[in-house]
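What follows is one structure encoded as structure tokens, with my remarks underneath.
Here's what the structure looks like:
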């Protein structure tokens, strides 16, 4: 009985291998075939059955065969989407663009233009990485809106642009905070400038309140680490920032911390004034001593 089981298992394995080999040989024969009509028909079947890897191999083989013929438009279209479904967004984007460049008057041109831009959107990386593709996606999506302002996809494109701008906004905010976290005098000044630049570039940013508060903090720390001669004017700048902040956000969640920075800045100004007075007095005494020495 044990031997019979071994024989059955062996036979099943042989049949399985034969079936696999047969399927493979069928596809390879199809690929090597000169019957391009049949190859095209089978490629579409693979595509419709979501066997995209095999479909793409056949579509690539057929690309040169159908160049300049009516079937070529469908072939470009299928090739673009096959790459898209395989998540090769770079290749998909290339083929969608190739479609719109080759068939600008096609009824599918709008769709392919949008999909090419959408592939850029999908290639946009995480916030911490270089955002070159984010900028390219915004440019491509905006171009789509400009070309097809009445399209049903225009609203979706606008929403995607906003998502991308949110990503750029977050990256800019994090970069500005990084200067503040570094803890050196020049970095504090750089943080103030960086926060201001972000607010200018993204006036409606959701980080506005926090950035304006952090600007006060950065300016205070910058003043606190400055030379005594420069502290008074730099603390005064921090107070100006505080006044603008409280005017804009009187009920801010950062109010308590901002008020403390205000008190610290005022104290810093008093200390700086004392230093300036002492320095002036010391300078005057030195001048008097020098004058007395000259007279004697």
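In the working numbering, the protein residues as written are 24 to 319. Beta carbons are placed, not taken as given, at the ideal position from N, Cα and C, and that holds for glycine. Owing to the predicted nature of the structure, the values given are computational and were not obtained by experimental measurement.
Contact between residue 136 and residue 170 holds, since their C-beta atoms are separated by about 7 Å, short of 8 Å.
With contact defined as three or more Cβ pairs closer than 8 Å, the region 123-137 and the region 146-160 are not in contact. Look at residue 151 here: in three-state DSSP terms it is coil, with no helix or strand label. When secondary structure is reduced to three states using DSSP, residue 225 falls in the coil class, being assigned neither helix nor strand.
The C-beta of residue 102 has 16 or more other C-beta atoms within 10 Å across all chains shown, which makes the residue buried. Around the beta carbon of residue 257, a 10 Å sphere encloses 16 or more other beta carbons of the protein chains shown; the residue is thus reported as buried. Cβ contact annotation for residue 255 (same chain, cutoff 6 Å, sequence separation greater than five): 292 and 295, in chain order.
If you check the CB distance, residue 218 and residue 238 come in under 8 Å. Under a 10 Å Cβ-count criterion, residue 64 is classified as exposed, with fewer than 16 other Cβ atoms of the shown protein chains found around its own Cβ. Nearest to residue 93 by alpha-carbon distance, out of 49, 72 and 129, is 129. Following the DSSP letters along the chain, one finds residue 125 inside the alpha helix (DSSP H) bounded by residues 112-125. Taking 4 residues as the minimum length, the alpha helix (DSSP H) runs contained wholly in the region 81-110 are 94-108, in order along the chain. Less than 8 Å separates the beta-carbon of residue 85 from that of residue 59. Residue 189 holds the alpha-carbon nearest to the alpha-carbon of residue 229 among 189, 207, 263 and 199.
If you look at residue 193, you'll find it in the alpha helix (DSSP H) that goes 176-205. The three-state secondary structure of residue 242, taken from DSSP, is helix.
Within the same chain, Cβ atoms closer than 7 Å to the Cβ of residue 133 are found at 171 and 174, the five residues on either side in sequence being excluded.
By the beta-carbon neighbour count (other beta carbons within 10 angstroms, threshold 16), residue 61 is exposed. Rounded to the nearest angstrom, the gap between the Cα atoms of residue 267 and residue 289 is 16 Å. Boundaries of the alpha helix (DSSP H) around residue 144: 132-146.
Residue burial is scored here from C-beta neighbours: residue 81 has at least 16 other C-beta atoms within 10 angstroms and is therefore classed as buried. Residues 142, 145 and 146 of the same chain have their beta carbon placed closer than 7 Å to that of residue 112, with the five preceding and five following residues left out of the count. Residue 50 and residue 71 have their C-alpha atoms some 16 Å from each other. With a contact defined as Cβ atoms closer than 8 Å, residue 150 and residue 197 qualify at about 7 Å. Ranked by Cα distance from residue 154, the first of 123, 179, 177 and 195 is 195. Out of 178, 231 and 208, the CA that lies nearest to the CA of residue 248 is found in 208.
By the criterion of a C-beta distance shorter than 8 Å, residue 284 is surrounded in its chain by 239, 240, 243, 261 and 265, once the five residues flanking it on both sides are discounted. Cβ neighbours of residue 116 within its own chain (closer than 7 Å, five residues either side excluded): 139, 142 and 143.
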